[in-house]
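Residue numbers (this note's numbering), protein chains in the order written: chain A, 2 to 456; chain B, 609 to 1170.
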């Protein structure tokens, strides 16, 4: 069964003849929403975004309207900043990259609208340093927008001024954490700030109220202005509105990026129909549904969920992995998360010890080192896993891994602690026997070509 | 002086109800949970938090369980049977340092979750720590050791290779860094940038490889750098002066004041078996908070100098020979008796204690000597703690009427030359040659008596040298440049036969005038308190460890520098 995508953000991306220059964007209706938005007024745009029930696309799924609502531009005396988080770094995630590389003006239009809505006069676009070409593309696009009068002084004679600066990161995953990003933007080490008191809405960039939104989120604002919040909210499911960009990687026939209304496809449809099933005729073993920090789901699992029957009563329902709708609430109910939309599929040839050792090596490398549990604990996890993978595991190691992970999650300054702990908790919880088998086989058939003990 | 004072409530009378470990109590609004727990006689351990520095919340040792009042459908707190709000506890632990109390807040400092959090942090902090307590100077006053005993497990589950980091790093003129011991709390970084405005320390590398360092090409040697050794909770920063010298648990701790300038920073003298090993700042918000300058801190090695005067010296046939105290006092008294009072000049040192100055005052009064003055000792004011006045007790000399601010002394050289001054008594180890009276002039004196600490030009010219005690060797009191009366306490005995100067002056007075009612230094204080209005009604007990303000001097009197 072929499932058709609902392309809103990706509408023109990869379309034949569509180029990223401003002329092409305008030919396809580009910057018309900016005109509309400027006419609506900021408060009206904020109201539409609230009505749209848009949830942040960076990973946490926080309602955008609520985030904006923390700041009242009419009462704030300090400057208000908006930052576009284009530090897309979560392993398995490559959606923002498509927007930046192939349709940058859509992002810029969404950004200008969001800035206008929130009384922002100066905005930053924080892009990961690895997107070298993306940085050049954005600089070009911003220059084009400015030349066309969409940026700078008195935009479209509305009296509204806005400057957007692109800032490149220097290669750290933690810069995607919004307060780490703010520190980095201020020229400091990207140490995430403690919250409280440093909530970006109150004490953000340069201690001023600051909104940090993901690339995809800001693009959505353009479409909300176009169709209105209520109409937008009809896409997807209640509380999971709009479309979602999904990045599928791993052992599927057609890995890639797709766009569907939130929850319109199930995990099974995504893997078997959209992506053509598991490669080489193998079987599904596990899926990480929302970027490498999301908890792994095991093939064959079922999940207890609340659902409404035809009479409107809430009933418990058992849902198979394949039937999980790809939306925020369903994946959360399954004990994982929709996260950044990075779906990593693993077939039955995959060694879970190797997979987890690989994931943990990433987090050990990326821990910023500011707070104790993450700094010390994550490298410890990596070392234990590397040792098991190299054939020197000990009987107590799975329990120790679990314990160390439990003592990181929930006790750190930022969510990196969870990001590093969740894979360990879920892999050990769901594939414990694989770890035990590997440990019992120690020395005999253990692989040595994976994660090095050295660091 | 401190960019932050988290331990100081904005208003001690603006109280809110909070529940600490099940007990409701009232605490000043806005204090953080670490401080509130302390006031409630509970203790929340912490490494990175410091009441005088910004809050960073990185060590995670102060995690506690937090609750807020449970709200009813009417949006009002639900009250329990005791009439107090019922508390809804949060599942995630919070950090005490960054959480300010709010009305009805619940705080658990020793729940199973809190204990597990601390146990976890302790385990994490120790896995890559070298565990070299046996050779570490911090041992005995190390928070890693102390909390390990209190909150740790006693054994490690860590069998991997430890992270290797730089050791024996020369961080600056006075400090050595061991990066493997460092727990990255950033107290030193914050002290340097926030208190000293010397942004020279920082971290490089990431994760468990994070490393404290000075910026490339920079050195950590500001004038207050050694304070970071005090606030370093572990043995990462050690003082080049103190390291490997003495186990801290052997040190006798004596509360005193620093006498290297007019500020009089409160200090603790660490000594053992008659030898001073270190000075550390002692908290006094009215004077120095928790800090002191490196110069004052290290300015005690002269106590052990080979130039110290150990025995009285008497001049005979052009040379100085050791003599007994009896001979030295007698010779001084006999000499002074031969000179008319108007031909005598006395240097009343601003380095003497009030008690010593008072005995001196009696002596000069009874003798009828009017030519009395102090030597100005200029310090290097640094707009922080160091005063431009190098005399620790200049105010004392003024209060007792023993100083003209150096005006008189300026003409004494000429007056000696013209024969108007025939005898000179120098106290407090002052070097009048350095103060402008030439050795040639001194040679013209009929009598030069010098009570002092170390050998210098003036003592070499003396007919009688009376060896006195330095600051750590004597008990007494002083008034700092801000008009604060403070006590100092003897930590070690003076070397050899040297004596506290008040006893020298007392004996000289007995030999000269016969009068004596001063048997102890405390007697001196009592007599002085009865006579000098500024000290009226004050006792040593009233002065206490932190001193007492006897006059209000908002600006340090910089007249000495101008």
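Note that the Cβ used here is the ideal one computed from N, Cα and C, for glycine as well.
- Residue pairing by DSSP places residue 673 of chain B opposite B:716 in a beta bridge.
- Look at residue 738 of chain B: its C-beta is not under 8 Å from any C-beta on chain A.
- In the DSSP assignment, residue 287 of chain A falls within the unbroken beta strand (DSSP E) covering 285-289.
- Residue 897 of chain B has B:892 as its beta-bridge partners, per DSSP.
- Apart from sequence neighbours up to five positions away, the residues of its chain that approach residue 937 of chain B with a beta-carbon distance below 7 Å are 1115, 1116 and 1119, ordered along the chain.
- Excluding residues up to 5 positions away in sequence, 1049 and 1052 lie with their Cβ nearer than 7 Å to the Cβ of residue 1025 of chain B in the same chain.
- Residue 85 of chain A sits in a strand when the DSSP states are folded into three classes.
- Look at residue 1158 of chain B: its C-beta is not under 8 Å from any C-beta on chain A.
- Judged by DSSP secondary structure, residue 646 of chain B falls within the alpha helix (DSSP H) whose first and last residues are 641-647.
- For residue 697 of chain B, the enclosing beta strand (DSSP E) starts and ends at 695-697.
- Note: residue 248 of chain A is bridge-paired with A:258 and A:343 in the DSSP secondary-structure output.
- With a 10 Å radius around the Cβ and a threshold of 16 neighbouring Cβ atoms, residue 311 of chain A comes out exposed.
- Residue 124 of chain A and residue 165 of chain A do touch by the CB rule: their CB atoms are close to 5 Å apart, below 8 Å.
- The beta carbon of residue 437 of chain A does not come within 8 Å of any beta carbon belonging to chain B, so the residue lies off that interface.
- In the structure shown, the three-state DSSP call for residue 861 of chain B is strand.
- For residue 814 of chain B, the nearest CB of chain A lies under 8 Å from its own CB, placing it at the interface with that chain.
- Separation of residue 618 of chain B and residue 713 of chain B (C-alpha to C-alpha, rounded to the nearest whole angstrom) is 19 Å.
- Residue 700 of chain B has its alpha-carbon roughly 13 Å from the corresponding atom of residue 723 of chain B.
- Using a CB distance cut-off of 8 Å, residue 700 of chain B counts as an interface residue toward chain A.
- Of all residues in the region 796-820 of chain B, only 810, 811, 813, 814, 815, 816, 817 and 818 place a beta-carbon less than 8 Å from a beta-carbon of chain A.
- When DSSP states are grouped into helix, strand and coil, residue 798 of chain B belongs to the helix group.
- Put simply, the backbone Cα of residue 1139 of chain B is about 18 Å away from that of residue 1011 of chain B.
- A straight line joining the alpha-carbon of residue 155 of chain A with that of residue 18 of chain A spans about 33 Å.
- In the structure shown, residue 275 of chain A adopts helical secondary structure according to DSSP, grouped into three states.
- At a C-beta separation below 9 Å, residue 195 of chain A has these neighbours in chain B: 663, 664, 665, 666, 703, 705 and 706.
- Going by C-alpha positions, residue 991 of chain B is about 48 Å away from residue 215 of chain A.
- By the beta-carbon neighbour count (other beta carbons within 10 angstroms, threshold 16), residue 853 of chain B is exposed.
- Neighbourhood of residue 13 of chain A in chain B, by CB distance below 7 Å: empty, with the nearest CB roughly 39 Å away.
- Below the 8 Å Cβ cutoff, chain A contributes 377 and 381 as neighbours of residue 735 of chain B, in chain order.
- One alpha carbon belongs to residue 118 of chain A, the other to residue 143 of chain A, and they sit about 19 Å apart.
- Proximity of residue 785 of chain B to chain A, defined by a Cβ-Cβ separation below 8 Å, is not satisfied.
- By the neighbour-count criterion, in which 16 or more other beta carbons inside 10 Å mark a residue as buried, residue 631 of chain B falls on the exposed side.
- DSSP, read as helix, strand or coil, puts residue 37 of chain A in helix.
- Residues of chain A whose Cβ lies closer than 7 Å to the Cβ of residue 639 of chain B do not exist; the shortest such Cβ separation is about 14 Å.
- Selection B:1148, B:1035 and B:1045 evaluated against residue 1062 of chain B yields B:1035 as nearest (Cα-Cα).
- The Cβ atoms of residue 1014 of chain B and residue 984 of chain B lie closer than 8 Å to each other.
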